[in-house]
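*Asks:*
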Amino acid sequence: MAGEPMAVVNYIPLIIFLIMGAIVPIAALAAIKVIAPNRPKRQKLSIYEGGLKPIRDAKIQYSVQYYLFAIVFVIFDVEVLFLYPWIYVYANEAMQKFMVFGLMNYAVFEMLLFILVLLVGLIYAIKKEALRWV
Numbered sequence: 001m002a003g004e005p006m007a008v009v010n011y012i013p014l015i016i017f018l019i020m021g022a023i024v025p026i027a028a029l030a031a032i033k034v035i036a037p038n039r040p041k042r043q044k045l046s047i048y049e050g051g052l053k054p055i056r057d058a059k060i061q062y063s064v065q066y067y068l069f070a071i072v073f074v075i076f077d078v079e080v081l082f083l084y085p086w087i088y089v090y091a092n093e094a095m096q097k098f099m100v101f102g103l104m105n106y107a108v109f110e111m112l113l114f115i116l117v118l119l120v121g122l123i124y125a126i127k128k129e130a131l132r133w134v
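Following my numbering, the numbering of the sequence shown begins with 1 at its first residue and continues without gaps.
1. Using the three-state DSSP reduction, which class does L52 fall into: helix, strand or coil?
2. If you measure between the beta carbons of L118 and I75, is that distance less than 8 Å?
3. Grab the span of the alpha helix (DSSP H) containing W86 for me, first residue to last.
4. Straight-line CA distance for L116 to F109?
5. Can the beta-carbon of A125 be found closer than 8 Å to that of V72?
6. When the Cα atoms are used, what is the spatial distance from V89 to V78?
7. Among A130, I55, I23 and Y84, which one has its Cα closest to the Cα of A70?
8. Can you give me the start and stop residues for the alpha helix (DSSP H) that L29 sits inside?
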């Protein structure tokens, strides 16, 4: 019980960092609203077409195909983000010494299962021709 107040003290820099991380962007956005001039004109609000007047509406309806590509890209990008720290920990021999009770084998199994689920999703997307460029 004597060590509990010390544990809270260790988190004070983190709490200050989180508070400052929230205050600084909000203060910057508020300062921009107060300081920056706001004089909207028709020319400023028009769409930029290389100096020419717009010919038609700027809203273009994109095909769903683009969204599917974007979603698949994000999924595999997140997979890579999960793989990098795992590879670092797995390759670090000092960390392997601390792994006891077969936890390293469990971590390998978990990561292989994660990759397998993503591969099944990729194969499904290929079979459904979701990734076929039109």
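We treat Cβ as the ideally placed atom computed from N, Cα and C, and that holds for glycine.
*Replies:* So, from the listed chains and residues:
1. Strand at L52.
2. yes
3. V64 to A91
4. 10 Å
5. yes
6. Roughly 18 Å between the two C-alpha positions.
7. A130
8. I12 to I35
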